[in-house]
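Using the working numbering, the letters of the sequence shown map in sequence onto residues 527 to 805.
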Amino acid sequence: MSVEAAPMAMPISADRTRRGSLRMPNVSRSVLLSTLTVAVLLTTWIIVTEIGWANELFLPKPQAVWAAFVKTMTKGYQGTTLLQHLGASLYRILVAFALACLVGIPLGVLMGVSRNARGLLNPLIEFYRPLPPLGLYTLLVMWLGIGESSKLSLLFLAGLPGIVISTIQAVTSVDPVYVRAAQSLGATRRHLLFHVYLPAAGPLILAGMRISLGFTYTVLVAAEIVAASAGIGWMIWDAAKFLLSDVVIMGLIVLGLTGVVLDLMMRAIAKLLMPWART
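Set out below in structure tokens:
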């Protein structure tokens, strides 16, 4: 019996090795294509500005943007360095996003498993979800003033609907066979929540969190234009008033790269917590 089983293990391991070798070129190809896209965009930018097809007042050369980056890093903008601007913005985004997750995920789970809760709370979510951020901000400033509370509240409200809706969709998409199987084994509601619903719904919840974080970033400038003295969004808004396009473009690049890094961090955390999910 052992003599016959031994040869069977070799093709399986060889097949796994072959699959692993096939995945590496795909990853390398993806990195290569991404690098090519960035190179094409940068080359196009250089050509357009060097030939003079665009006014440098509105589209500065890459060298000017880099010089603005170095100057803002060392000397600062309006008395505040780039790292301080970035720190202020990250604090607002991360705090508001964390609060949106702490509220949105349990709320979405509740609305997903209970039709009564969904019928009771869904009108509130659907009513304010399409409201423009600036319209909400004026009301928040009236209620909470021009300090950090109104800014955090706006970012919180911007990120909440995406998390709630994705969590509802994720929970309602869980295969009922899993639920009935767990119940037949004596699973309680707590067991169903932590061992059935959350593991099965985790990938979709993560996707909603990533989308929500991106939307929160888009609202950052609106949150920082009122009575702020630091922040990437405020720096972009203030530089635009003086037609400092090099600072504006530099701020947008920094904001975009920061968002990419945060998204990669979320995907890395998801791989640790949910190794079965494709992120």
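C-beta atoms are modelled at their ideal positions from N, C-alpha and C, and glycine is treated no differently.
- When rounded, the separation of the alpha-carbon atoms in residue 699 and residue 581 is 52 Å.
- The alpha carbon of residue 607 has as its nearest neighbour, out of 801, 755 and 768, the alpha carbon of 755.
- Between residue 595 and residue 684, the C-beta spacing is not below 9 Å.
- Under the three-state reduction of DSSP, residue 606 is assigned to strand.
- Residue 638 is not a Cβ neighbour of residue 591, given a cutoff of 9 Å.
- Following the DSSP letters along the chain, one finds residue 755 in no alpha helix (DSSP H), marked with neither H nor E.
- In this chain, residue 800 is not harboured by any alpha helix (DSSP H), its DSSP state being neither H nor E.
- For residue 663 against residue 680, the beta-carbon gap comes to about 5 Å, under 8 Å, which counts as contact.
- Counting C-beta pairs closer than 8 Å gives three or more between the region 604-621 and the region 776-791, which meets the contact rule.
- By the Cβ criterion, the region 720-739 is in contact with the region 699-709, since at least three pairs of Cβ atoms, one from each stretch, lie closer than 8 Å.
- The C-alpha of residue 615 is placed about 16 Å away from the C-alpha of residue 672.
- Spanning the alpha carbons of residue 665 and residue 674 requires a straight line of approximately 14 Å.
- Counting along the chain, residue 670 sits inside the alpha helix (DSSP H) bounded by residues 659-670.
- Annotation for residue 717: the continuous alpha helix (DSSP H) segment containing it runs 715-718.
- Look at the beta carbons and you see the region 615-630 touching the region 729-744: at least three pairs across the two are nearer than 8 Å.
- Membership of residue 682 in the alpha helix (DSSP H) is indicated by the continuous run 674-698.
- DSSP, read as helix, strand or coil, puts residue 748 in helix.
- Counting along the chain, residue 597 sits inside the alpha helix (DSSP H) bounded by residues 588-600.
- Annotated three-state conformation of residue 578 is coil, per DSSP.
- Residue burial is scored here from C-beta neighbours: residue 669 has fewer than 16 other C-beta atoms within 10 angstroms and is therefore classed as exposed.
- One thing to note: residue 584 has its Cβ no nearer than 9 Å to the Cβ of residue 625.
- Excluding the 5 residues flanking it on each side, residue 648 has same chain C-beta neighbours closer than 8 Å at 637, in chain order.
- Straight-line measurement puts the Cα of residue 634 at about 24 Å from the Cα of residue 677.
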